[in-house]
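See structure below.
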Amino acid sequence: MLKHIIGRLLLLSLAAVISQELYAQPGTPGGGLPGSPGGNPGTPPVLCDEIITSRSCRSIITDTAFNPYVTGVLGAWRSNKAYTYYARRKESDPSVATNIRRDGTFNDYTAFWKFQQAVLKPQQDTSRWVWNSELTLLNRKGLEVENRDPLGRYNAGLYGYGLSLPVAVVQNSRYRESAFEGFEDYDFQLLLCDTSCESIRHFNINEYRNDIVTTEKHSGKSSLRIEASEDASFNFPVLPADEDDVLPPLVFSLKPSECNQPSLDNIKISNQILLPTFTPVRGTKMLISAWVKEEQDCKCAGYTNSRIVLFMQRIAGNTVELVFTPKGNIIDGWQRFEGEFALPEDGTGLTVSLQSTGNSVVYFDDLRIHPYHANMRSFVFHPVKLRLMAELDENNYASFYEYDEEGTLVRLKKETERGIKTIQETRSALLKQ
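Residues -24 to -1, 1 to 409 in mature numbering (1 follows the signal peptide of the UniProt record, and there is no 0) are what the sequence shown spells out, letter by letter.
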């Protein structure tokens, strides 16, 4: 079996910015000198006790027209399709002894690439060269966020922590059809200039940023706090099934030059090149899941002062309302939501409302929405050390990872319907002489 990978030029929406810092010696009046934290600036030299006086970020793309290859927006290649070659081997008689060093070659072979007008072009035999994976979407850092197989089944990956770590992986779902929110990485910042082009999230919680707290959490370090008799709502569009399975093409415009040779004038692209946000498809059966904790002494079988309400808008103007309440056992103070719903065939919008219906404060965490026949696993990392803290399985139950001061994994716990169980615990030490 032989594999071959074809590449394709893809547009990466890079945030091309330059960071500049001004330094000054203690006691030096006036402005600063440009430099970097790793070394001294120009003349006069600044000693090691330099003080940062100001920081600024500016874009290297300063006009509506720019060279995309110089700025790194274009010119980044990624694999597009992976092909596998299927053919018979020369050795067909099992009774004949084989030479494992020399045997095993194909009985006949046709190349994938062929010369056509002095240029190599793919001219593969489709009965032998069979593709098994195609990349359909990637983010601005070049990480794959969606692919599909020949049967039309999609897999997606959601990235967080500055688009550097996967927070959820979904099977049998497109990128735009699934969403996960763990309320963890909103204060995470890799570079000083990352804020110039913030990452697009499926859940827009800018209105509730101040309600993210660290006092209670189901996994990780944070959760969303909702005051008594208050709610937090998120709105999403609902669209018909998208028939366009590939990225829109780049449009190159040429113009004549003095040398009678055409030269590049501009490159245009539609706004569809941007990664889609969470936009579920009409008529799709969906699954919603989350964890909730109420700030009260509840010696009861379940919480009654919290709920998730879905409002599904239709073309006719009416709205379908569904209410979900937590079910199952309370595990370490948290109870799980899980419910299925079907989007209307003429749906136009979806509103997810996390509500506190009583006189107690409510905390929500690990909210996920995806197609009913999809399979999601999500991950929570430490906001500073970036170690894996929790992994939530297909049913939104967590596996917790605990580390010692040296960063060595010492304990693995699993959340079950009967409580949190310790699965593995390891201790080690150096032998003292």
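Backbone N, C-alpha and C fix where the C-beta goes; we use that ideal spot for every residue, glycine too.
From a predicted model like this one, the values you see are computed outputs, not experimental measurements.
If you check the beta carbons only, do T255 and V214 fall under 8 Å apart? What you label residue 255 is simply residue 279 of the sequence shown in a count that begins at 1. What you label residue 214 is simply residue 238 of the sequence shown in a count that begins at 1. Closer than 8 Å, so yes.
For F355 and R344, what's the separation of their Cα atoms in angstroms? Numbered from its first residue, the sequence shown carries residue 355 at position 379. Numbered from its first residue, the sequence shown carries residue 344 at position 368. Distance between the alpha carbons of F355 and R344: 12 Å.
To the nearest angstrom, how far is it from the Cα of T384 to the Cα of F376? In the sequence shown, the residue the question calls residue 384 occupies position 408. In the sequence shown, the residue the question calls residue 376 occupies position 400. Each residue's Cα considered, the two are about 14 Å apart.
Look at the alpha carbon of F340 and the alpha carbon of M288, and state the distance between them as a whole number of angstroms. Residue 340 sits at position 364 when you count from the first residue of the sequence shown. Residue 288 sits at position 312 when you count from the first residue of the sequence shown. Cα to Cα, the separation comes out at about 21 Å.
What residue range does the beta strand (DSSP E) around F357 cover? By 1-based counting over the sequence shown, the position of residue 357 is 381. If you look at F357, you'll find it in the beta strand (DSSP E) that goes 351 to 357.
Under the three-state DSSP convention, the category P20 falls into: In the sequence shown, counting from the first residue as 1, residue 20 sits at position 44. Residue confidence is low: P20 scores 39 on pLDDT, short of 50, so the model does not pin down where it sits. Its coordinate-derived value is still stated next. The answer is coil: DSSP assigns P20 none of H, G, I, E or B.
Does DSSP classify D341 as helix, strand or coil? Position 365 of the sequence shown, counted from the first residue, corresponds to residue 341. When DSSP states are grouped into helix, strand and coil, D341 belongs to the strand group.
Counting pairs of beta carbons, one from the stretch 104 to 119 and one from the stretch 130 to 138, are three or more of them closer than 8 Å? As far as the Cβ criterion goes, the stretch 104 to 119 touches the stretch 130 to 138, which means the pair count is three or higher.
Assigned secondary structure, N294 (DSSP; H/G/I helix, E/B strand, else coil): In the sequence shown, residue 294 corresponds to position 318, counting from 1. Note: N294 maps to coil in three-state DSSP.
Please report the straight-line C-alpha distance between Y(-2) and P142, rounded to a whole angstrom. For this step, residue -2 is matched to residue 23 along the sequence shown. For this step, residue 142 is matched to residue 166 along the sequence shown. In this prediction, Y(-2) has a pLDDT of 43, which is less than 50 and means its spatial position is unreliable; what the coordinates show is noted afterwards. Looking at the two C-alpha atoms, the distance is approximately 37 Å.
Under 8 Å between C-beta atoms of S336 and E270: Taking the sequence shown and counting its residues from 1, one reaches residue 336 at position 360. Taking the sequence shown and counting its residues from 1, one reaches residue 270 at position 294. Taking 8 Å as the Cβ cut-off, S336 and E270 qualify as a contacting pair.
6 Å Cβ shell around R129 - same chain, five flanking residues per side excluded: Locating residue 129 in the sequence shown gives position 153, counting from the first residue. Within its own chain, the residues whose Cβ lies closer than 6 Å to the Cβ of R129, once the five positions on either side in sequence are excluded, are N148, listed in chain order.
Is it buried or exposed, L406, if we count other Cβ atoms within 10 angstroms and call 16 or more buried? In the sequence shown, residue 406 corresponds to position 430, counting from 1. L406 is exposed by the Cβ-count criterion.
Taking the alpha carbon of S199 as the reference point, which residue from N182, V268, S229, A155 has its own alpha carbon closest? Here residue 199 corresponds to residue number 223 of the sequence shown, with the count starting at 1. With respect to the C-alpha of S199, the residue from N182, V268, S229, A155 having the closest C-alpha is V268.
Secondary structure at N131, three-state DSSP: helix, strand or coil? For the purposes of this step, residue 131 is taken as residue 155 along the sequence shown, with counting starting at 1. DSSP places N131 in strand when its eight states are reduced to three.
Please report the straight-line C-alpha distance between D163 and P98, rounded to a whole angstrom. By one-based count along the sequence shown, residue 163 stands at place 187. By one-based count along the sequence shown, residue 98 stands at place 122. Annotation: D163 to P98 spans about 47 Å, alpha carbon to alpha carbon.
Going along the chain, which residues of its own chain have a beta-carbon closer than 7 Å to the beta-carbon of E203, five neighbours each way excluded? Here residue 203 refers to the residue found at position 227 of the sequence shown. Only S332, V337 meet the Cβ criterion.
Just mark K197 as buried or exposed, buried being the case when its beta carbon has 16 or more other beta carbons within 10 Å. Numbered from its first residue, the sequence shown carries residue 197 at position 221. With a 10 Å radius around the Cβ and a threshold of 16 neighbouring Cβ atoms, K197 comes out buried.
Please go through the same chain and pick out, in chain order, the residues whose beta-carbon is closer than 6 Å to the beta-carbon of E316, but skip the five residues on each side of it. As a first step, residue 316 must be located in the sequence shown, where it is residue number 340. Its chain contains L263, Y348 as the residues whose beta carbon lies nearer than 6 Å to that of E316, once the 5 sequence neighbours on both sides are disregarded; these appear in chain order.
Whose CA, out of N372, Y379, E391, Q93, lies closest to the CA of S404? Counting from one through the sequence shown, the residue named residue 404 turns up at place 428. The residue with the shortest Cα to Cα distance from S404 is Y379.
Per-residue burial, L23 [other beta carbons within 10 Å of its own, 16 or more giving buried]: Counted from its first residue, the sequence shown places residue 23 at position 47. Caution is warranted here: a pLDDT of 38 is assigned to L23, below 50, making its placement in the model unreliable, and the coordinate value is therefore given only provisionally. Result: exposed.
Which of the three DSSP states is assigned to R124 in this structure? Indexing the sequence shown from 1 puts residue 124 at position 148. Assignment of R124 by DSSP, reduced to helix, strand and coil, places it in the strand class.
Just to confirm, is the Cβ distance from G304 to E393 under 8 Å? Residue mapping note: residue 304 aligns to position 328 of the sequence shown, counting from 1. Residue mapping note: residue 393 aligns to position 417 of the sequence shown, counting from 1. Going by beta carbons, G304 and E393 fall inside the 8 Å limit.
Roughly how far, in whole angstroms, is the beta-carbon of I399 from the beta-carbon of K408, given that I think they are within contact range, below 8 Å? For the purposes of this step, residue 399 is identified with residue 423 of the sequence shown, where counting begins at 1. For the purposes of this step, residue 408 is identified with residue 432 of the sequence shown, where counting begins at 1. For I399 against K408, the beta-carbon gap comes to about 30 Å, at or over 8 Å, which does not count as contact.
Pull up the CB-CB distance for Y62 and V106, whole angstroms please, since I reckon it's below 8 Å. Here residue 62 refers to the residue found at position 86 when the sequence shown is read from its first residue. Here residue 106 refers to the residue found at position 130 when the sequence shown is read from its first residue. With 8 Å as the limit, Y62 and V106 qualify as a contact, their Cβ atoms being about 6 Å apart.
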